[in-house]
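Chemist:
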Amino acid sequence: MEDRLPLNRMVRDGLAYLGMGSLSVRLEISHPGGELDASEEVQEVLLDLTEETGMLRNVQWPIDFFPGLCLYLQWPRGGTVFRLHTVELEDHLDIDGQLVAHRYDAKVLTREGAPGSDRDGDASAGLDTRRLVLRAVRRFGRLTPDGHALLDRSALPRGVYDTTPAAHQITALERAVDELLAERNLYRATGSRGADGEPHHPARKGEAPIALIGYAPNLVVVSRPGSGAGAPLQDRGVEHFVHGFLRRLPTGWAPTDAQRAAYREHCRHVGKADGWELPPGYTFVTAHSRRR
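Residues in the sequence shown are numbered consecutively from 903, following the working numbering.
1. When the Cα atoms are used, what is the spatial distance from S926 to H1050?
2. What is the DSSP secondary structure of A1057, reduced to helix, strand or coil?
3. Tell me which residue opens and which closes the beta strand (DSSP E) that I997 is part of.
4. Is the closest heavy atom of the ligand ZN to the C-beta of V947 under 7 Å?
5. Please identify the residue among H987, R1032, P908 whose C-alpha is closest to the C-alpha of T952.
6. For A1016, which three-state DSSP category applies?
7. Residues in its own chain within less than 6 Å of C1029 by CB, not counting five upstream and five downstream?
8. I believe L1148 touches I931 by the beta-carbon criterion, under 8 Å. Please report the beta-carbon distance rounded to the nearest angstrom.
9. Ordered along the chain, which non-local residues of its own chain (more than five positions away) have a Cβ less than 6 Å from that of A1113?
10. Is the number of C-beta pairs between the stretch 1035-1045 and the stretch 1007-1017 that are closer than 8 Å three or more?
11. Measuring only the C-alpha atoms, how far is T988 from F967?
12. Of the residues D993, T982, L938, R906, which one's Cα is nearest the Cα of A918?
13. With a Cβ-Cβ cutoff of 8 Å, do V1062 and V1079 count as a contact?
14. Once DSSP output is grouped into helix, strand and coil, what is the label at I965?
15. If you check the beta carbons only, do G1116 and L1052 fall under 8 Å apart?
16. For V944, which residues in the same chain have their Cβ closer than 6 Å to its Cβ, ignoring the five residues on either side in sequence?
17. Buried or exposed for V1039, please, with buried defined as at least 16 other CB atoms from any protein chain shown within 10 angstroms of its CB.
18. Rounding to the nearest angstrom, what Cα-Cα distance links S1129 and V1123 in this structure?
19. Between the Cα of D996 and those of T955, R979, G1015, spot the shortest distance and give me the residue it belongs to.
20. Quick one: is T1066 buried, meaning 16 or more other Cβ sit within 10 Å of its Cβ, or exposed?
21. Expressed to the nearest angstrom, what Euclidean distance is found between the alpha-carbon atoms of Q990 and A1003?
22. List the whole-angstrom C-beta distance separating V1187 from G1146, where the pair is believed to meet the contact cut-off of C-beta under 8 Å.
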């Protein structure tokens, strides 16, 4: 959202010979298994050395780079070129309706993929009670490395409502929780509460047990044409499948009605929950096969 990339302190220290200030450098982005515009593959960006840790600014991030995507950065010591790449997953995943094709941090995806979150910000306005519950558990629950979130059930009303909820809100909240548990969108767990009031999971010996509700990412392996057990992944010269993706348009261009309709159908198919209209300045490239 802020078109920037913080740099590791080791890199910042290695660039100290350039002095304090800003200068233009090159950023090269590689996204195996995805699609990038030429303007995204090689960019002139601003190296800002006025911050304590250093920063690349004015980065044009591809629109399919989602919160939680793992980025790997290489900086040849003494140079002013930064090379960044993603790593494709051997098996693509559908996680709660979001297609994930590259290595990612499950904890970040749980937080930033909560209902009401998108590239433009984070808000709870307009969400129904069920989605407010899911949002609260994912945003405020204790995270595990594999992306589970566990929330003290007694704290749920405070996580959903800014003020003390009315009786009808409590009733609606409990009904939503029961439905989400029955549908296995949430699960029950047991933790404990320490003397300082902090909840723990797993439960600690000697502490009072408490009821928790948990969220677990719903992972479904997405099969791809030509991918089978033991099949080599996207060997060079071999035809492989490319999922539909957004592509930036030149200034003044607009997508066709057919491309708008194709994007809406794609959103319907994957269950996208934050709008089915193309973002301004983008078109949609439908799924297809190509050779490397």
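Note that the Cβ used here is the ideal one computed from N, Cα and C, for glycine as well.
All of these numbers come straight from a predicted model, not from anything done at the bench.
Modeler: A quick look at the data gives this:
1. Spanning the two alpha carbons is a distance of roughly 41 Å.
2. A1057: helix per DSSP, three-state reduction.
3. In the DSSP assignment, I997 falls within the unbroken beta strand (DSSP E) covering 990-997.
4. Looking for the ligand ZN in the displayed structure turns up nothing, as the structure carries no ligands at all.
5. P908
6. Here A1016 sits in coil by DSSP.
7. Going by the sequence as given, residue 1029 is Leu instead of Cys. So the list reads P1017, G1018, once near-sequence residues are dropped.
8. About 16 Å; that fails the 8 Å criterion.
9. R1055
10. yes
11. 10 Å
12. T982
13. no
14. coil
15. In contact: G1116 and L1052 (Cβ atoms closer than 8 Å).
16. Around V944: E930.
17. When all chains shown are included, V1039 counts as buried.
18. Any reading at S1129 must be qualified, since the residue scores a pLDDT of 46, below 50, and its modelled position is unreliable; the value itself is stated next. In this structure, the CA atom of S1129 is about 12 Å from the CA atom of V1123.
19. G1015
20. exposed
21. Note on residue identity: the sequence assigns Glu, not Gln, to residue 990. Each residue's alpha carbon lies about 6 Å from the other.
22. The pair is a contact, with the Cβ atoms about 6 Å apart (cut-off 8 Å).
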